[in-house]
Ligand code: BDR
Ligand code: CA
């Protein structure tokens, strides 16, 4: 099978960085057509810079990186420096990128790519707020039927929320965009906190990254060292949750994940529960299924895959 063509839409973020590295390390399965940056964990200028830092760390400077939306569709931007640090990539000491940003807006790149490639051959992989993806769908609605699949990190059901008591960060930041995506009719796979809070970088897993002894292995160990302090304090968990790499791991080994095809709606009205992903996990409503909402992960298999692939960079 030829590698799956994808666009990574991202707000790096240490866990976004690991997701990108996993994809770039897996050319037999994944062909990264481009990376589109969006405002999220930190403002757009930093996410667009961080995406290029990661491409250079991976030695893949031929991957085009585009800057996209600098704010959500209808709300003020909320960022997460309290988790990711001031730069978004705090932890390792990585050089500023020398590769330039690609010309043009990320939304135009998404639209143009979907119009150019054969229908049903391009998968979108959003790892941050869905502002770029929703803007592309609003501007060019006909691209929806050309998308092979959307595999995204966002939302929660049993874990409920991490930025508010009821909302996960990516969906909370741009709930209007998330609603547009959920109603698009596209085949959607969701990696919620229910899965990603089981993908924890324990000390042994962090040691395995560092033991690779490569610039990539050491940088990933240092990123997760930094990133883990937040979740350890908040949840008392064993280490940093690698949220976004669940998306790129799914493209390589979908068998590592299990979930349910159910209805998922986004709360966009109530300030109390803004951005909540109302997943009908128990199928108690008549609302039609519109997404595969993952619930479990083979965490040991996931970390074995990740460590093996990072060793290739
Ligand atoms: C999501 O929010 C960001 O902080 C992470 O990069 C991840 O995409 C987890 O809620
Ligand atoms: Ca992210």
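Residue numbers (the working numbering): 16 to 328. From the three backbone atoms N, C-alpha and C, an ideal C-beta is built for every residue, glycine too. Treat the numbers as computed from the prediction; the structure is a model and nothing was measured.
Check whether the Cβ of residue 239 sits closer than 7 Å to any heavy atom of ligand 2, and report yes or no.
The closest heavy atom of ligand 2 lies 7 Å or more from the beta carbon of residue 239.
Less than 7 Å between the CB of residue 31 and some heavy atom of ligand 2, yes or no?
With a cutoff of 7 Å, residue 31 counts as near ligand 2, since its C-beta is closer than that to a heavy atom of the ligand.
Does the beta-carbon distance from residue 34 to residue 260 come in below 8 Å?
With respect to residue 260, residue 34 sits close: the two C-beta atoms are nearer than 8 Å.
With 16 other Cβ atoms within 10 Å as the buried cut-off, status of residue 237
With 16 or more Cβ atoms within 10 Å of its Cβ, residue 237 is classed as buried.
If I measure Cβ to Cβ from residue 291 and keep anything under 6 Å in the same chain, skipping five residues before and after, which residues do I get?
Residues of the same chain with a CB within less than 6 Å of the CB of residue 291, apart from the 5 flanking positions on each side, are 181, 182 and 282 in chain order.
State the Cα-Cα distance for the pair residue 76 and residue 69, rounded to the nearest angstrom.
Linking residue 76 to residue 69 through their CA atoms gives a straight-line distance of about 9 Å.
For residue 54, is the beta carbon positioned less than 7 Å from some heavy atom of ligand 1?
No, ligand 1 has no heavy atom inside 7 Å of this Cβ.
DSSP bridge partner residues for residue 140 (one or two, in chain order):
Residue 140 is bridged by DSSP to 23.
Less than 7 Å separating the Cβ of residue 185 from some heavy atom of ligand 2?
Residue side-chain check: residue 185 places its Cβ nearer than 7 Å to a non-hydrogen atom of ligand 2.
Answer with buried or exposed for residue 258, where buried requires no fewer than 16 other C-beta atoms within 10 angstroms of its C-beta.
Under this definition residue 258 is a buried residue.
Please confirm whether any heavy atom of ligand 1 lies closer than 7 Å to the CB of residue 258.
If you check the C-beta of residue 258 against ligand 1, you find a heavy atom less than 7 Å away.
Please confirm if the segment 213 to 233 is in contact with the segment 187 to 204, defined as three or more CB-CB distances below 8 Å between the two stretches.
In this structure the segment 213 to 233 does not touch the segment 187 to 204; the number of beta carbon pairs closer than 8 Å is below three.
Unbroken stretches of the alpha helix (DSSP H), 4 residues or longer, contained in the segment 26 to 97
Runs of the alpha helix (DSSP H) inside the segment 26 to 97: 29 to 39 and 59 to 73.
Rounded to the nearest angstrom, what separates residue 278 and residue 153 at their Cα positions?
When the Cα atoms are used, residue 278 and residue 153 turn out to be separated by approximately 22 Å.
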